[in-house]
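J.:
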Amino acid sequence: MKIGIDKLGFFTPDLYVDMAELARTRHEDPNKYLIGIGQAKMAVIPPTQDVVTMAANAAQRILTVDDKEQLDLVIFATESGIDNSKAAAVYVARLLGLKSNIRAFEVKQACYGATAGLQLARDHVALFPRSKVLVIGADIARYGLKTPGEPTQGGGAVALLVSADPQILALDKQSAYQTQDIMDFWRPLGQTEAMVDGKYSSNIYLEFLDHVWQDYQQKTGLKLEDLAAVLFHLPYTKLGLKGIRQLTTGAEPALTLRLTKEFEHARTFNRLVGNLYTGSLYLSLLSLLQQSEQLIAGDRLGLFSYGSGAEAEFYSGILQPDFKAGLMGVDYSQLLANRQQVSVDKYEHLFKQQLFHAATEELDYSNDPARFVLAGVKEYQRQYLEH
Ligand code: HMG
């Protein structure tokens, strides 16, 4: 039985800051951000959006009434949770109008969380082939204003519907994974910004890539030439470029050219959004599916998932005949092009407005065009609504 990604939805707010302008304000050469880091625009998250609203906004783009009927599991991956006890999945299930005889919970392992969710979802469908599972990856990447990590911020949510006979990608059974206790990036309880050893984290990412790629080849007998494209977790797109260069070292020039071209398609949307932590790999998949003109049904894609702390997995899947239909006709290039640019001043203001510790506060959501918004907090209870 084929099991995998049946539908894929994405949401990021309608605001962005231009990276050349941010670089100039920070007294950096714009090419450092545009080429050296590989980011052109960065999503700006208004206080009326958080992981719950972004997830609901992404999921409502793909779910039909029939999907909702068959869904019996919601796995919400995030490292930007809004409560220490209650799972974001429970709020999302209510906002989406899901039935109550479902399981709904949250998982965390930095940017690896959504991949953990996807693999668990696959196992669930293997046991219960008529079930559908909603896997969400939603985060807001925050390092702080004027920090080295600042140009690698961003945010958004992906929603993956996992089922038997999927429309987009049928997952291969065999994959390679690795976990090691490493302090490259973490966020202690109570802190609203991540702590990171940036250069170390980038080196560890590439070391883990090498390890799981060797292991994947050994386990599957597959080689680089068996892959039509390789997708990466993209904390900033230059790191994925280093990844593809590492994998193609010593490869035939034609193979290197083909994989590098597909990588350019796969990083297009991530260059315009920034890091969305655990959703980043799946935004890159979406980008590849909408940008590439070479891919055909039957092509095998390799996917490298990395989460600091650290955990990585290299897995693969086969593109299905109707893979474009799984994006539900949404033109994400257009959606991203239609966002409003905000000044660096406005971005800084919004950055400081995110609701973290407020007991009671009302938010003005009249300028937020998203369907689901955060209207404020009342006695520590977040007020979500559809408008
Ligand atoms: P930095 O120290 O400001 O940058 O931090 P730099 O000085 O290393 O420059 C960056 C690149 O720009 C360099 O290229 C420069 O040469 C180049 P590289 O040596 O890397 O090839 N450069 C220029 N290029 C063209 N024209 C110019 C120019 N000037 C310089 N004029 C850093 C950069 C990424 C470290 C920082 O932004 C950071 O700490 N980011 C956050 C950490 C991060 O993203 N780590 C990635 C791996 S960990 C991961 O993926 C997990 C994560 O997503 C979290 C999770 O799992 O939850 C982060």
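Per my numbering, the sequence shown starts with residue 52, numbered consecutively. Glycine included, each C-beta is placed from N, C-alpha and C at the ideal position. The model shown is predicted, which means the values in this text are computed figures rather than measured ones.
Heavy atom of the ligand HMG less than 7 Å from the Cβ of residue 247, yes or no?
T.: Under cutoff, so the answer is yes.
J.: Just to check, is the beta-carbon of residue 403 closer than 7 Å to a non-hydrogen atom of the ligand HMG?
T.: Checking the Cβ of residue 403 against the ligand HMG gives no.
J.: So which of 153, 175 and 186 has the shortest CA-CA distance to residue 163?
T.: Nearest C-alpha to residue 163: 186.
J.: The beta strand (DSSP E) that contains residue 288, what's its start and end?
T.: Premise fails: residue 288 lies in the alpha helix (DSSP H), 288-299, not in any beta strand (DSSP E).
J.: Whole angstroms are fine: how far does the CA of residue 264 sit from the CA of residue 302?
T.: Computed Cα separation, rounded: 15 Å.
J.: Determine contact between the region 114-122 and the region 348-355, defined as no fewer than three beta-carbon pairs at a distance below 8 Å.
T.: Taking 8 Å as the limit for Cβ pairs, the verdict is that the region 348-355 does not touch the region 114-122.
J.: Tell me whether residue 267 sits in a helix, a strand or coil according to DSSP, three-state version.
T.: In this structure, residue 267 counts as helix in the three-state DSSP scheme.
J.: Taking the CB atoms as reference points, tell me whether residue 99 and residue 414 lie closer together than 8 Å.
T.: Yes, these two residues count as a Cβ contact at 8 Å.
J.: Tell me which residues share the same chain as residue 184 and place their Cβ nearer than 6 Å to its Cβ, disregarding the 5 neighbours each side in the sequence.
T.: Cβ neighbours of residue 184 beyond the five flanking positions: 124, 172, 175 and 213.
J.: By alpha-carbon positions, which one of 138, 436 and 150 ends up nearest to residue 439?
T.: Outside the modelled stretch of the chain, which goes from 52 to 438, sits residue 439, for which no answer is possible.
J.: Taking the beta strand (DSSP E) that residue 93 belongs to, which residues open and close that run?
T.: Its beta strand (DSSP E) spans residues 92-94.
J.: Taking only three categories from DSSP, how would you classify residue 122?
T.: In this structure, residue 122 counts as strand in the three-state DSSP scheme.
J.: Starting from residue 168, trace the alpha helix (DSSP H) both ways and give me its first and last residue.
T.: Its alpha helix (DSSP H) spans residues 164-178.
J.: Regarding residue 286 and the ligand HMG, is the C-beta to nearest heavy atom distance less than 7 Å?
T.: Yes - the ligand HMG has a heavy atom lying nearer than 7 Å to the Cβ of residue 286.
J.: Quick one, which of 394, 426, 366 and 266 has its alpha-carbon nearest residue 170's?
T.: Nearest option by C-alpha distance: 366.
J.: On a CA-only basis, which of 308, 103, 432 and 324 is nearest residue 411? Give me that one, please.
T.: Looking at the Cα atoms, 432 is the closest of the given residues.
J.: Can you tell me where the beta strand (DSSP E) holding residue 210 begins and where it ends?
T.: Taken as a continuous stretch (DSSP letters only), the beta strand (DSSP E) holding residue 210 covers 205-215.
J.: Would you say residue 340 faces chain E, with C-beta separation under 8 Å as the test?
T.: In the structure shown, chain E does not exist; there is a single protein chain.
J.: If we call anything under 8 Å between Cβ atoms a contact, is residue 317 one with residue 331?
T.: In this structure, residue 331 does not lie closer than 8 Å to residue 317 by Cβ.
J.: What does DSSP give as the partner residue(s) for residue 429 in the beta ladder?
T.: Partner(s): 432.
J.: Quick one, which of 177, 398 and 396 has its alpha-carbon nearest residue 217's?
T.: Measuring from the Cα of residue 217, the nearest candidate turns out to be 177.
J.: If you compare alpha carbons, which of 233, 257 and 87 is closest to residue 247?
T.: Minimum Cα distance to residue 247 is reached at 233.
J.: Can you give me the start and stop residues for the alpha helix (DSSP H) that residue 190 sits inside?
T.: No alpha helix (DSSP H) holds residue 190; the beta strand (DSSP E) holding it covers 183-192.
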